[in-house]
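Written below as structure tokens is the structure these notes are about.
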Amino acid sequence: MTTRPIRSTWQHRLAFERIRFRLARRFGLDVNLLNAAASVEELHPTEKIAGAPCIALPGQFERISKGGFDIDIAEEIAQLKGGPREIGPTVRYVLDNVLVSHGIIHARGRRKLFNSTIDLGSVQSPWAEYDEAGLRSSYVGCYFFGHWLADDCTTHLLAQQSGTPMSMPTPPWPNCAGYLGLFGQSYIELGRAHVRRLVLYDDIAHNEHKASRFRALRARVGSNNESRAAGRIVYLMRGRLGGAQPVGTDAYRSSFGRTIHNEAEIVEALMRQGVTIVCAETLTVPQLIAELLGARIVIGLEGSQLSHGLFTLHDKGGMLAIQPPDRLYNGYMDAMNVLGMRYGIVVGEQRQSGFHLPLGDLLRTIDLMDTKLC
């Protein structure tokens, strides 16, 4: 990968591309840049699988009133019970002669959006030129730390085939640098650039192709790290920085009602049961790995912090996701299934601005999962 001298003409071309895009959208034309790719290669096909049923107590599904991200509740519950589930493909796209600016790829009156809302500061980066670049980023990985870790860091192993991987701008999550060092990964962040040949991937689906890269990263985590957690049950407390904005506040967290009203009671009871309590945001990545590596079960409120468990759980471990009744989302179920691990849920009871989690339900679900793992 090479860079060339900066050209001021790219700013003028960007303005022209934005006008073309607005006109194309106004007239109802196709503005999806991926549909104009120079080449499209399916690296792994779509599959329909019937995974292991979710571990849950009787009556849990009846508490669910709504799903996150507009998912179909009936379909999601059927899949949690072990019904057929479609796992998407892994696809490689090649885009020729594109402009990248502020988290958006532009070309030919079309665009591909990543994260245009992130605050990049008042000083714009200079224009750069690249002959070829491999993009490791996903749309969701630019907004959520859990997807950055579970999706973008696995896609990195594909992007590096095109030279030094590139990334779209992401929020300054505190554990990013530590994980990049642990995985042996580095990348260039694309601010404003002209790229003659940009390679990017649709790599969100947790299929066998992605699972092989997950296993490679899990092996890197386990090879040079000592564990204090072998066989442990760990409760991962949710911090405040999982979402993209506003970083450092509770606004994003509260917008989804993911507040456990009786979390203090839960933590105290789990500690009495010998469960290890971990708050990821207070630890460095080496400290975090030491607390989690080889754990038998990882428990936590559904969210980005559970992604740490994907790289540290025992090969036959289990993940127990605490679910708000009005925001069911099982972002880790497919990953757990394809990695040969078990996934379970326990659903809270609705309260104003959050929910209450019956302690007895949690403890019985932990026991049930522990039995299934034996």
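So for the sequence shown, the UniProt record's numbering puts the first residue at 1; every next one is plus one. Backbone N, C-alpha and C fix where the C-beta goes; we use that ideal spot for every residue, glycine too. Note that the coordinates shown come from a computational prediction; the quantities given were computed from them, not determined experimentally.
Proximity of residue i and residue j at Cβ, strictly below 9 Å
i: R329; j: M336; result: Correcting the residue identity first, residue 329 is Tyr in this sequence and not Arg. Against a cut-off of 9 Å, the Cβ pair of M336 and Y329 comes out as no contact.
i: E189; j: T164; result: no
i: G184; j: P286; result: no
i: G231; j: G294; result: yes
i: G300; j: M237; result: yes
i: G309; j: L373; result: no
i: R26; j: E129; result: no
i: F69; j: S307; result: no
i: I366; j: L80; result: no
i: E349; j: L357; result: yes
i: L95; j: A37; result: yes
i: H209; j: L320; result: no
Residues near residue i by beta carbon distance below 6 Å, same chain, minus five either side
i: V140; result: H147
i: V100; result: L190 and A193
i: S254; result: Low confidence applies here, because S254 scores a pLDDT of 42, under 50, leaving its location unreliable; read the following figure in that light. None.
i: L14; result: L99 and S101
i: A229; result: E291, L292, L293, G294 and A295
i: V338; result: H206 and A211
i: C142; result: F114, N115, M168 and T170
i: T276; result: R232 and V234
i: G158; result: Checking the displayed sequence, the identity of residue 158 turns out to be Leu instead of Gly. Y201, listed in sequence order.
i: S227; result: L293 and G294
i: H156; result: R136, P165 and Q185
Bridge partners - residue i, DSSP secondary structure assignment
i: F69; result: Per DSSP, none; premise fails for F69.
i: T112; result: Reading the sequence as shown, one finds Lys at residue 112 and not Thr. Answer is I105, bridged to K112.
i: T276; result: V234
i: A128; result: A193
i: P84; result: A50
i: L95; result: L198
i: T90; result: H44
i: L135; result: M166
i: N32; result: R111
i: residue 411; result: The shown model of the chain, from 1 to 374, leaves out residue 411, and the question about it has no answer.
Close Cβ partners of residue i (< 7 Å) along its chain, the five nearest in sequence each way excluded
i: F311; result: L217, R218 and V221
i: L34; result: Y93 and K112
i: S10; result: Reading off the sequence, residue 10 comes out as Trp, not Ser. Closer than 7 Å at Cβ, skipping near neighbours: L99, W127 and H194.
i: V347; result: Q60, R63, I64, Q323 and P325
i: Q160; result: G134
i: R351; result: H261
i: H12; result: none
i: residue 449; result: What the structure shows of the chain is the stretch from 1 to 374, and residue 449 is not part of that stretch, so it cannot be assessed.
Cβ distance (whole Å) where residue i is taken to contact residue j below 8 Å
i: I266; j: G354; result: Their Cβ separation, rounded to whole angstroms, is 13 Å, which puts I266 and G354 out of contact at 8 Å.
i: G82; j: P53; result: 4 Å
i: G303; j: R258; result: 7 Å
i: E281; j: P174; result: 6 Å
i: I104; j: L198; result: Not confirmed; about 13 Å, so no contact.
i: P84; j: A50; result: 5 Å
Cβ shell of residue i (< 8 Å), same chain only, five flanking positions each side left out
i: L359; result: N262, E265, I266 and A269
i: G278; result: Just to set this straight, residue 278 is Val in the shown sequence, not Gly. Excluding positions up to five away in sequence, the list reads V234, Y235, L236, M237, L288, E291 and L292.
i: R283; result: With the sequence shown as reference, residue 283 is identified as Leu, and Arg is not the correct amino acid for it. Cβ within range, chain order: E291.
i: G109; result: E17, R20, F21, L23, A24, L29 and V31
i: I71; result: L328 and Y329
i: T154; result: D203, K210, R213, F214 and L217
i: K66; result: I73, P325, D326, R327 and L328
i: D151; result: S138, V140, G141, D203 and I204
i: G274; result: I233
i: Q124; result: G191 and R192
**Message:** For the stretch 84-101 against the stretch 200-207, do three or more pairs of beta-carbon atoms, one drawn from each stretch, fall closer than 8 Å, so that the two count as touching?
**Reply:** Contact between the stretch 84-101 and the stretch 200-207 is present, because at least three Cβ pairs lie under 8 Å.
**Asked** Within the chosen definition, does the stretch 152-164 reach the stretch 130-140 through at least 3 CB pairs nearer than 8 Å?
**Response** yes
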